[in-house]
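Novice: Below you will find the structure I want to go over with you.
There are 2 protein chains.
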Amino acid sequence: MAEQTIKVPRLYQQVAEKLIEMIESGEYDVGSRLPAERELAAMFSVSRPTIREAVIALELENFVEVRTGSGVYVKAGRRESGRLADKDIGPFELTEARILFEGEAAALAARMITDAELRQLESILGEMAAENESGEEMHEEADKKFHMTIAQATRNSAVVSVIEGLWDARESSPLTRRMYQRVRNKGFKPSIEEHRDVFNAIATRDPAIARAAMREHLTRVIDSILEATEVEAIEAARSEVAKSRERYSVARKLG
Amino acid sequence: MAEQTIKVPRLYQQVAEKLIEMIESGEYDVGSRLPAERELAAMFSVSRPTIREAVIALELENFVEVRTGSGVYVKAGRRESGRLADKDIGPFELTEARILFEGEAAALAARMITDAELRQLESILGEMAAENESGEEMHEEADKKFHMTIAQATRNSAVVSVIEGLWDARESSPLTRRMYQRVRNKGFKPSIEEHRDVFNAIATRDPAIARAAMREHLTRVIDSILEATEVEAIEAARSEVAKSRERYSVARKLG
DNA sequence: CCTTGTAAACTGGTCAACCCAATTGCCGGG
DNA sequence: CCCGGCAATTGGGTTGACCAGTTTACAAGG
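Okay, here's the thing in structure tokens:
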């Protein structure tokens, strides 16, 4: 059973990935032409249809522009893994919002949660550990389940919807998807210890403690993303919360 | 010179567009399988590679999910069961969520807001007053604008999108809409004083003060709804309203 | 009768070779 | 030096075939 079905990404995705790397590394200047599809096919040892699929993927992400009969050209859009297309939400903004909102959800959940839900939460920690051990692919499932269970414990469907939306938003655009993928590839897995801390905090049924624990956990998530993506500070700088000292003080609330 | 050959969109784009239309028109339910690539190819009278390209486009935009050996399935995330809209969220849940989330947004906004935005906020107070005087219809516009301006001051698009979603959610279910209508009919208008308090609090640029003010404001909103719907609350005593009535006091005490 | 295997049918994944049309570039004639 | 035209190059799209997972139907076995 040591054998795991390693999910082989589709070929065009691998090719697209490599092409993006090449473009981001400046191997092809903006405005310059990429090698012909036939050449690329030879380079990557794949067929031309596969190359075409990859090119289309890059085209949809605004990395390149294809001119019929001429070639595919690197688009002007400021490259360097950063350029968030207007509409999509970057991982930092996303996680910052989660710090704010899930912190409050945890606080409310601490007040409302039932013993049964607490047991369920704890069992999810087990699942998470199991997933971390085995296939890397699934491990986010338990993580989501953990956070959603807390959300549901608030007994507020609006809260549940918002938090689920925030979670799913990471899959919303190819760009953010790639960023999270990068984080995963770097070996960052949801820390059991951190989640257990959150669990313990909620188990105290003290809102302030629960909020502080959740904020702490998500703040570390931001740190992970930062570390993994060595991303331009421009976007990260927007995250005031990440560097803020205005953390909720557990001690203050306890007194 | 005047004659320009209209650029014919690439074939895969045309196909992708048609497929999106079909999906959005509900021709294929979420979770259901689309016709096989070979069938689609026959349907659109194009080759299979072209269909594949179109499918990849939909996949990148999160419309569908491709399962090898099985088929391509319509994804849920995009619309339908996704957003807060048509989720049937009661007014109390909604406002409770706003207390939690907008409170935090206000706190963050207090730290981030620019002088220009502060001026804009203040001018919205003026609009609100004007709307209260004249037609009742419009006055919610200024109210929304007020809250959205604060959200935008956080410089976090995830926060903005969540708060806008929460606002629009009041139009989601018929029940919720009727309740808000009732509140308006009872003569409850967004209080300028309350909003000015929030404005002043944010102007101090102190997160804690801003959060408290926003929570206070929204807590009063819940009171208004409670008061305005008291009769209804008796009818539906065992459902939402009664439960929420006891609930919101919990949220209030969290801070 | 129900269960269980297993093989066939189906579906996406990929490849190879081919034709077409637009673009580019070279080359020779003016 | 300029310009027209032809040929090479490039993307756009097609056909047909084969492979590898999934699903399904059907028959053997309990």
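These protein sequence lines are chains A and B, in that order.
Heads up: take any position in the first sequence, counting from 1, add 201, and you land on my numbering.
Heads up: take any position in the second sequence, counting from 1, add 201, and you land on my numbering.
Don't be surprised by glycine CBs; every beta carbon is placed ideally from N, CA and C.
1. Can you find a C-beta in chain A that's less than 8 Å from the C-beta of V360 (chain B)?
2. Less than 8 Å between the beta carbons of V384 (chain B) and I426 (chain B), yes or no?
3. Below 8 Å on the Cβ atoms is my guess for A307 (chain B) versus A411 (chain B); work out the distance and round it to an integer in Å.
4. Looking at the C-beta of P373 (chain A), does it have a partner C-beta in chain B at a distance below 8 Å?
5. Using only alpha-carbon positions, find the residue among B:E332, B:K345 and B:D316 that is nearest to E303 (chain B).
6. Looking at the C-beta of N386 (chain B), does it have a partner C-beta in chain A at a distance below 8 Å?
7. In the DSSP assignment, find the unbroken beta strand (DSSP E) run with V457 (chain A) in it and report its ends.
8. List the residues of chain A whose Cβ lies closer than 7 Å to the Cβ of L419 (chain B), in chain order.
9. Can you check which of these residues, A:A413, A:K276, A:L419 and A:E417, is closest to E225 (chain A) by C-alpha distance?
10. Mind pulling the alpha helix (DSSP H) runs of 4 or more residues that sit fully within the region 318-359 of chain B?
11. Tell me which residues of the region 298-309 of chain A have at least one Cβ-Cβ distance to chain B shorter than 9 Å, keeping chain order.
12. Is the CB of L258 (chain B) under 8 Å away from at least one CB in chain A?
13. Run through DSSP, which three-state label would V422 (chain A) get?
14. What are the start and end residues of the alpha helix (DSSP H) that includes Y213 (chain B)?
15. Considering only DSSP beta bridges, list what V256 (chain A) is partnered with.
16. Should R474 (chain B) go down as buried or exposed, given a rule of 16 or more other Cβ atoms within 10 Å for buried?
17. Mind checking who Y381 (chain A) pairs with in its DSSP beta bridge?
18. Would you kindly work out how many angstroms separate the C-alpha atoms of Y274 (chain B) and E297 (chain B), rounded to a whole number?
19. Using the three-state DSSP reduction, which class does V209 (chain B) fall into: helix, strand or coil?
20. Looking at the C-beta of P250 (chain A), does it have a partner C-beta in chain B at a distance below 8 Å?
21. Please confirm if A317 (chain A) has its CB atom under 8 Å from at least one CB of chain B.
22. I'd like to check one pair, A404 (chain B) with L319 (chain B): are the Cβ atoms closer than 8 Å?
23. What did DSSP end up calling V273 (chain B) once you bin it into helix, strand or coil?
24. List the residues of chain A whose Cβ lies closer than 8 Å to the Cβ of V363 (chain B), in chain order.
25. Within this structure, are the beta carbons of I314 (chain B) and A352 (chain B) separated by less than 8 Å?
26. According to DSSP, is R406 (chain A) part of a helix, a strand, or is it coil?
27. Chain A partners of I465 (chain B), CB-CB under 8 Å?
28. With a threshold of 8 Å between beta carbons, is R253 (chain A) in contact with chain B?
29. Spell out the partners DSSP gives R234 (chain A) in its beta bridges.
30. Does DSSP put G366 (chain B) in a helix, a strand or coil?
31. Establish whether the CB of L295 (chain B) and some CB of chain A are separated by less than 8 Å.
32. Using 8 Å as the threshold, is the region 256-267 of chain A in touch with the region 327-335 of chain A, meaning 3 or more CB pairs across them?
33. Roughly how many angstroms separate the alpha carbons of P210 (chain A) and T269 (chain B), rounded to a whole number?
34. How about S374 (chain B) and D289 (chain B): do their beta carbons lie closer than 8 Å?
35. Determine the direct distance from the alpha carbon of L419 (chain B) to that of L212 (chain B), and round the result to whole angstroms.
36. Buried or exposed: R379 (chain B), going by 16 or more other Cβ atoms within 10 Å of its Cβ?
Specialist: According to the structure data:
1. Position 159 of the second sequence, counting from 1, holds the residue named residue 360 (chain B). Between V360 (chain B) and chain A, the shortest Cβ-Cβ separation is below 8 Å.
2. In the second sequence, counting from the first residue as 1, residue 384 (chain B) sits at position 183. In the second sequence, counting from the first residue as 1, residue 426 (chain B) sits at position 225. Closer than 8 Å, so yes.
3. The sequence position of residue 307 (chain B) within the second sequence is 106, counting from 1. The sequence position of residue 411 (chain B) within the second sequence is 210, counting from 1. That pair is a contact at about 4 Å.
4. In the first sequence, the residue the question calls residue 373 (chain A) occupies position 172. The sequence shown places Ser at residue 373 (chain A), rather than the Pro named in the question. The beta-carbon of S373 (chain A) is placed less than 8 Å from the nearest beta-carbon of chain B.
5. Mapped onto the second sequence, residue 303 (chain B) falls at position 102. In terms of Cα proximity to E303 (chain B), the closest of B:E332, B:K345 and B:D316 is B:K345.
6. Within the second sequence, numbered from 1, the residue matching residue 386 (chain B) stands at position 185. Not closer than 8 Å to any Cβ of chain A, the Cβ of N386 (chain B) fails to qualify, so no.
7. The structure shown has nothing for residue 457 (chain A), since chain A only spans 202 to 456.
8. The residue you call residue 419 (chain B) lines up with position 218 of the second sequence. Under the 7 Å cutoff, chain A gives no residues; its nearest Cβ is about 13 Å from L419 (chain B).
9. The sequence position of residue 225 (chain A) within the first sequence is 24, counting from 1. Nearest of A:A413, A:K276, A:L419 and A:E417 to E225 (chain A), Cα basis: A:K276.
10. Listed in chain order, they are 340-354.
11. Residues of the region 298-309 of chain A with a C-beta less than 9 Å from any C-beta of chain B: A298, R299, I300, L301, F302, G304, E305, A306, A308 and L309, listed in chain order.
12. Numbered from its first residue, the second sequence carries residue 258 (chain B) at position 57. It should be pointed out that residue 258 (chain B) corresponds to Ala in this sequence rather than to Leu. Output row for A258 (chain B): interface = yes.
13. Sequence index remark: in the first sequence, residue 422 (chain A) carries index 221 (1-based). If DSSP states are grouped into helix, strand and coil, V422 (chain A) belongs with the helices.
14. For the purposes of this step, residue 213 (chain B) is taken as the residue at position 12 of the second sequence. Segment L212 to E225, the alpha helix (DSSP H) holding Y213 (chain B).
15. For the purposes of this step, residue 256 (chain A) is taken as residue 55 along the first sequence, with counting starting at 1. Looking at the DSSP output, V256 (chain A) shares a beta bridge with no other residue.
16. No information on residue 474 (chain B) is available, as it lies outside the stretch 202 to 456 that chain B covers here.
17. Taking the first residue of the first sequence as position 1, residue 381 (chain A) is located at position 180. According to DSSP, residue pairing for Y381 (chain A) in a beta bridge does not occur.
18. Here residue 274 (chain B) refers to the residue found at position 73 of the second sequence. Here residue 297 (chain B) refers to the residue found at position 96 of the second sequence. One alpha carbon belongs to Y274 (chain B), the other to E297 (chain B), and they sit about 36 Å apart.
19. Along the second sequence, read from residue 1 onward, the residue named residue 209 (chain B) stands at position 8. Under the three-state reduction of DSSP output, V209 (chain B) falls in the coil class, being neither helix nor strand.
20. Residue numbering aside, residue 250 (chain A) sits at position 49 when the first sequence is read from its first letter. So, interface residue.
21. Here residue 317 (chain A) refers to the residue found at position 116 when the first sequence is read from its first residue. No, A317 (chain A) does not count as interfacial toward chain B.
22. For the purposes of this step, residue 319 (chain B) is identified with residue 118 of the second sequence, where counting begins at 1. For the purposes of this step, residue 404 (chain B) is identified with residue 203 of the second sequence, where counting begins at 1. Pairing L319 (chain B) with A404 (chain B) gives a Cβ-Cβ distance under 8 Å.
23. By one-based count along the second sequence, residue 273 (chain B) stands at place 72. Strand at V273 (chain B).
24. Here residue 363 (chain B) refers to the residue found at position 162 when the second sequence is read from its first residue. Within 8 Å of the CB of V363 (chain B), the CB atoms of chain A belong to A298, F302, V363, G366 and L367, in sequence order along the chain.
25. On the second sequence, position 113 is the one that residue 314 (chain B) refers to. On the second sequence, position 151 is the one that residue 352 (chain B) refers to. No, the pair does not count as a contact, with Cβ atoms beyond the cut-off.
26. Start at 1 with the first residue of the first sequence, and residue 406 (chain A) comes out as number 205. It is coil, neither helix nor strand.
27. Any property of residue 465 (chain B) remains undetermined from this structure, which presents chain B solely from 202 to 456.
28. Translated into positions along the first sequence, residue 253 (chain A) becomes position 52. R253 (chain A) counts as touching chain B.
29. Here residue 234 (chain A) is taken as the residue at index 33 of the first sequence, counted from 1. Partner(s): A:Y274.
30. Position 165 of the second sequence holds residue 366 (chain B). Correct three-state label for G366 (chain B): helix.
31. Along the second sequence, one-based indexing puts residue 295 (chain B) at 94. It does: the Cβ of L295 (chain B) has a partner Cβ on chain A nearer than 8 Å.
32. No, because fewer than three Cβ pairs between the region 256-267 of chain A and the region 327-335 of chain A fall closer than 8 Å, the two stretches do not touch.
33. In the first sequence, counting from the first residue as 1, residue 210 (chain A) sits at position 9. In the second sequence, counting from the first residue as 1, residue 269 (chain B) sits at position 68. Going by the C-alpha atoms only, they are around 11 Å apart.
34. Looking up residue 374 (chain B) in the second sequence gives position 173. Looking up residue 289 (chain B) in the second sequence gives position 88. Contact flag set, yes.
35. Translated into positions along the second sequence, residue 212 (chain B) becomes position 11. Translated into positions along the second sequence, residue 419 (chain B) becomes position 218. The alpha-carbon atoms of L212 (chain B) and L419 (chain B) are separated by roughly 52 Å.
36. One-based indexing of the second sequence puts residue 379 (chain B) at position 178. By the neighbour-count criterion, in which a residue is buried when 16 or more other Cβ atoms sit within 10 angstroms of its Cβ, R379 (chain B) is exposed.
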